[in-house]
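Counting in numbering that gives the first Met the number 0, the sequence shown runs from 0 upward without gaps.
In this text, a Cβ means the ideal position worked out from N, Cα and C, and glycines have one as well.
Working notes for the structure below.
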Amino acid sequence: MPRIVFMNDRLVPEDQARVSVFDHGLLYGDGVFEGLRSYQGHVFRLKAHLDRLWESARAICLEIPLSPEAIAQAVSDTLAANHLLDGYVRLVVTRGAGSLGLDPSRTKNPQVIVIADTISLYPSEYYEKGLRIVTAATQRTHSAALSPRIKSLNYLNNIMAKLEGLQAGCVEALMLNHKGEVAECTGDNIFLVRAGSLLTPPPDAGILEGITRHAVMELAHKAGIVVREATLVRHDLYTAEECFLTGTAAEVIPVVTIDGRTIGSGSPGPITTRLIKDFYALVRS
Ligand code: PMP
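Spelled out as structure tokens, the structure:
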């Protein structure tokens with residue numbers, strides 16, 4: 000069955016959902032996006048995703064031509080049109096079509112696109128046994144070059160690191176910042192457990208401030224687990240008791256080896272397991 004896509008002001012079949020070859024989103028990666036999830040018909044943290052979309056857009060001087068309320072409505076209409084209760088939603092706002100050349104003022108009609116689809120989940124084995132990851136040689140973009148806090152259509156930095164992970168037989172790869180500090184993975188934030196406390200890199204390590212990351216910090220707090228943002232290096236990960244990743248698609252996923260070093264006991268630890276359970280309950284509550 001063809002998917003139904005929201006384009007600007009209406010729902011259209013996927014084969015009619017088209018952007019111009021002159022759209023700067025295509026030509027230069029000039030635009031912003033969000034990835035959201037719907038659980039039993041409820042979009043998880045919709046407001047936080049819309050706030051982040053607007054912040055990303057503001058940072059690149061892109062005016063989103065619809066109101067947050069109109070986009071929220073489009074998200075729910077697109078899910079309904081595709082008969083999806085549990086699904087993944089991709090929100091995209093491109094700069095729009097213009098002349099060849101970088102100048103955004105020579106574009107018009109930013110395109111607002113909402114795609115809803117089934118979510119391709121990691122196999123359950125990864126959650127039970129944990130992931131193996133490696134450190135990518137590709138550094139996370141220096142925030143003075145392009146802030147990783149902007150969720151832009153230019154994801155080549157992450158794709159370069161993802162390729163390295165895949166070439167090493169891993170589905171995720173760790174990215175360090177220009178100082179060699181732990182930043183995040185290619186599409187997920189990272190946490191470790193040390194002396195029973197949770198540690199995760201701060202925004203100024205050069206990360207996307209994940210919405211799942213924030214939810215997990217709240218859950219840890221509620222569970223009486225101390226959680227702190229801290230500058231981390233690979234040594235901290237190699238010697239951690241536990242390690243896990245967070246992201247909209249992956250939710251909370253354990254990591255059991257990093258660069259061939261076994262983390263903790265080599266299987267998902269008690270704090271990770273607890274947070275997986277608490278997160279599962281939160282999104283389905
Ligand atoms: N870091 C990066 C680079 C990401 O692209 C994402 C989202 N896929 C995340 C972290 C996790 O963010 P969220 O929890 O909001 O999905």
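Do T140 and ligand 1 come close, with the Cβ less than 8 angstroms from some heavy atom?
-> No, Cβ of T140 sits at least 8 angstroms from all heavy atoms of ligand 1.
Using alpha carbons as the reference points, say which of P109, G34 and R273 lies closest to S19.
-> Considering only P109, G34 and R273, the residue with the shortest C-alpha distance to S19 is P109.
Below 8 angstroms on the Cβ atoms is my guess for A16 versus I118; work out the distance and round it to an integer in Å.
-> About 19 angstroms separates the Cβ atoms of A16 and I118, ruling out a contact at the 8 angstroms cut-off.
Given R105 as reference, the closest of S75, I270, R273 and D29 once Cα atoms are compared | Here the closest residue by C-alpha is D29.
Identify every residue that forms a DSSP beta bridge with R9.
-> Per DSSP, M6.
Where does S30 sit, in a helix, a strand or coil, going by DSSP?
-> Residue identity differs from the one stated: residue 30 is Gly in this sequence, not Ser. Here G30 sits in strand by DSSP.
Where does the unbroken beta strand (DSSP E) through A182 begin, and where does it stop?
-> Note, A182: beta strand (DSSP E), V181 to C184.
Is the Cβ-Cβ distance between E240 and I275 less than 9 angstroms?
-> No, the pair does not count as a contact, with Cβ atoms beyond the cut-off.
Could you spell out where the alpha helix (DSSP H) holding D116 opens and where it closes?
-> In the DSSP assignment, D116 falls outside any alpha helix (DSSP H) and lies within the beta strand (DSSP E) extending over V111 to D116.
With ligand 1 as the reference, list in chain order each residue whose Cβ lies under 6 angstroms from any of its heavy atoms.
-> Matched residues: G34, N157, E183, G186, D187, N188, L207, G209, I210, T211, R212, T245, G246 and T247.
For the 8 angstroms Cβ check, are there 3 or more pairs between the stretch 260-277 and the stretch 183-195?
-> Yes, the stretch 260-277 is in contact with the stretch 183-195.
In chain order, which continuous runs of the alpha helix (DSSP H) of length 4 or greater are located wholly inside the stretch 22-76?
-> With a minimum length of 4 residues, the continuous alpha helix (DSSP H) runs that stay inside the stretch 22-76 are 23-27 and 45-58.
Contact check, L197 vs R233, beta carbons under 9 angstroms | Cβ distance not < 9 angstroms, so L197 and R233 don't count as in contact.
Inspect the beta-carbon positions of T286 and Y87 and report whether they are closer than 9 angstroms.
-> Here the chain covers residues 0 to 284 and nothing more, so residue 286 does not appear.
Cβ neighbours of Y125 in the same chain (closer than 7 angstroms, five flanking residues each side left out) = So the list reads I252, once near-sequence residues are dropped.
Contained beta strand (DSSP E) runs [length at least 3] in the stretch 129-156, N- to C-terminal order | If only complete runs of 3 or more residues are kept, the stretch 129-156 shows the beta strand (DSSP E) at 130-134, in order along the chain.
Cβ pair count under 8 angstroms reaching 3, the stretch 61-71 against the stretch 128-145 = No, because fewer than three Cβ pairs between the stretch 61-71 and the stretch 128-145 fall closer than 8 angstroms, the two stretches do not touch.
Out of curiosity, what's the CA-to-CA distance linking G209 and L120?
-> Here the C-alpha atom of G209 lies approximately 18 angstroms from the C-alpha atom of L120.
With distances taken between CB atoms, is the gap from R302 to L175 smaller than 9 angstroms?
-> Nothing in the structure corresponds to residue 302, since the chain is present only between 0 and 284.
Identify the continuous alpha helix (DSSP H) that holds E217 and give its terminal residues.
-> Run containing E217: I210 to K221, per the alpha helix (DSSP H) assignment.
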